[in-house]
Each structure stands twice: as structure tokens, then as C-alpha cells.
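Note sheet for the following structure.
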Amino acid sequence: MPASRSRLLLASLGIAGICGAFAFTDARPPEGADDWKVHDMDRPQPAMVTPGVPGTATTPGTAPSDAIVLLGKGSGLDAWKNGKWNVGNDGVMKVVPGSGDNHTRQSFGDCQFHIEWKVPADRECDGQKGCNSGIFFLDRYEVQIVGSNPNQTFPDGQAGSLFGQYPPMVNPCRPNGEWNTFDIVFTAPRFDGDGKLISPANTTLLFNGVLVLDHAENMGITVFGSRAKYSPHEPTGPIRIQDHGDPLEFANIWVRPLPARARAW
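Residues in the sequence shown are numbered consecutively from 36, following this note's numbering.
Structure (C-alpha cells):
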């Protein structure tokens with residue numbers, strides 16, 4: 036065979052080999068796995084969701100179309116147990132100091148959670164005093180809310196911390212009088228039938244669009260001044276917002292319960 040034809044044949048075989056390696060119909064998973072092929076057009080399409088309007092420093096946003104709205108314009112306090120907090124037609128909920136924490140009526144486990152919060156412009160923040168609140172998932176695991184621009188306090192108590200455990204990676208807090216946004220992905224802990232911890236809780240937080248907690252592994256139930264530890268509990272629970280004695284304001288609160296993580300195939 037002439038050298039030129041030999042080179043052409045080898046090149047053709049190489050191309051065929053490459054194409055064969057990327058043939059979608061041959062990319063089946065092992066026997067016993069879910070039966071989707073790679074790029075399988077029979078696989079269900081993702082549901083369409085209309086995104087909400089993002090909030091700004093001056094104006095709260097709106098929820099996506101598939102979210103459970105816990106607080107929005109005209110929603111009142113229907114989703115909350117403590118009716119003593121104030122809420123206006125503008126959808127802004129205000130802590131009434133001394134009235135107690137507020138719990139959602141509904142319970143949640145793994146979820147995407149969104150909240151916008153503001154410290155009144157005339158408040159003075161002095162460490163943990165004057166500008167404090169918090170979000171507790173399953174009524175136990177706290178992400179800290181506190182005015183932090185400016186405010187010197189212990190780093191694992193700054194805004195966006197897993198309280199008493201992990202400081203935020205950076206501090207993107209806006210000044211008092213402006214709205215801050217938390218977007219949180221929370222994964223609840225798992226326990227076996229004997230109450231033994233199988234997998235810990237896990238928290239990711241985008242604070243005003245900035246990643247400050249990246250799959251942070253919760254060390255246990257939030258406590259003040261002591262190392263956290265786990266004790267078994269139900270897989271779901273209410274989300275609690277703390278009354279720490281300060282008149283913080285909240286808006287555009289919504290949650291999306293998350294399904295079990297799907298396998299690729």
C-alpha cells in the first residue's frame with residue numbers, strides 16, 4: 036500500500052475511534068443503575084420556574100414561582116406562629132422586642148432559604164448588642180444575623196457566621212439602614228434508628244451575593260459559649276427567627292424544600 040494511503044487509513048481509523056468513544060447510545064450505566072443514557076432525550080425535562088426579582092440595598096425582591104412564600108407583600112403573618120411581631124402591607128416584618136422568637140407554622144428539612152434583613156439606620160451596634168437576630172433551621176442550627184458594618188465582635192458571631200462555629204469567609208454586610216440578602220442551602224443531619232449521627236448538617240450561604248459559607252459542616256446544635264454537639268431529633272422542624280431584643284426588619288422570605296439528591300444516571 037502506498038505510504039499516502041496508509042497514512043489516510045490510519046487517520047480515518049483514528050477519527051472513527053474518537054467518534055466511537057463519544058457515541059451517546061453506547062454510554063449506558065452499569066447493570067442495575069438507573070436507566071438513563073447520557074444525553075437521553077426521554078429523560079424528564081426540568082420544570083420551568085419564573086425567577087423572582089432580586090432585592091437591592093433599598094428595595095426587597097420577590098420570590099420565584101415555585102417557592103413557599105413565608106413573607107411577602109400582603110402575606111401578613113399567616114405563615115408564622117408569633118402574631119405579636121409587626122408586619123405592614125409592604126411585606127416588611129419587624130421584631131417587637133421582648134415578644135419572643137417567631138417560628139414558621141410549617142416544618143422543613145433540606146431546603147433553599149432566602150431572607151432579606153435590615154438593621155434600622157439609627158441603631159448602634161456594639162458587639163452582640165443592639166443589632167442582633169438569627170435564623171435557626173430545624174429550630175436548632177443558627178446562621179447569625181447582626182449588624183456588622185461596622186461592628187467589632189467575635190468572628191464566629193459576625194453576620195453570616197454559623198454561630199459559635201465558623202466565621203464568614205469575608206464580611207459583605209451593608210451599613211445599617213440598607214437591606215441585606217441571605218441565600219442559604221441547608222442540608223439537615225441524618226441519624227440512624229439508634230440515634231447515631233450518620234451525616235452532619237451542612238450550610239452554604241451567599242451573603243449579598245458573596246459566598247461566605249461553603250458547605251460548612253455543622254458541628255452540632257447551636258449553643259452560646261460552648262462547643263456544639265449533636266443529639267438525635269426529627270428530620271424536619273420549623274425555621275425560627277430570633278428576638279434578641281432588637282427591632283430588626285425582614286422582607287421577602289421564601290423557602291424551596293429540596294428533594295433527595297438524584298444520581299447522574
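For each residue, glycine too, the CB sits at the ideal point set by N, CA and C.
Of the residues Val-154, Gln-200, Glu-284, the one whose Cα lies closest to the Cα of Arg-262 is Gln-200.
Given a length threshold of 3 residues, each whole run of the beta strand (DSSP E) inside the region 152-205 is given here in chain order: 167-172, 176-181. About 6 Å separates the beta carbons of Val-290 and Phe-143, which is inside the 8 Å limit, making them a contact pair. With a 10 Å radius around the Cβ and a threshold of 16 neighbouring Cβ atoms, Phe-221 comes out buried.
Within its own chain, the residues whose Cβ lies closer than 6 Å to the Cβ of Ser-183, once the five positions on either side in sequence are excluded, are Gln-193, Ala-194, Asn-206, Cys-208, listed in chain order. Contact between the region 106-116 and the region 230-243 is absent: fewer than three C-beta pairs spanning the two stretches fall below 8 Å. With a cutoff of 9 Å on beta-carbon distance, Ser-100 and Val-84 are scored as near each other. Residue pairing of Ile-150 in beta bridges, as defined by DSSP: Phe-217.
In the three-state reduction of the DSSP assignment, Pro-292 falls in the strand class. In the three-state DSSP reduction, Val-258 falls in the coil class, being neither helix nor strand.
Counted as a single uninterrupted DSSP element, the stretch harbouring Thr-85 is not any beta strand (DSSP E), since DSSP gives it neither H nor E.
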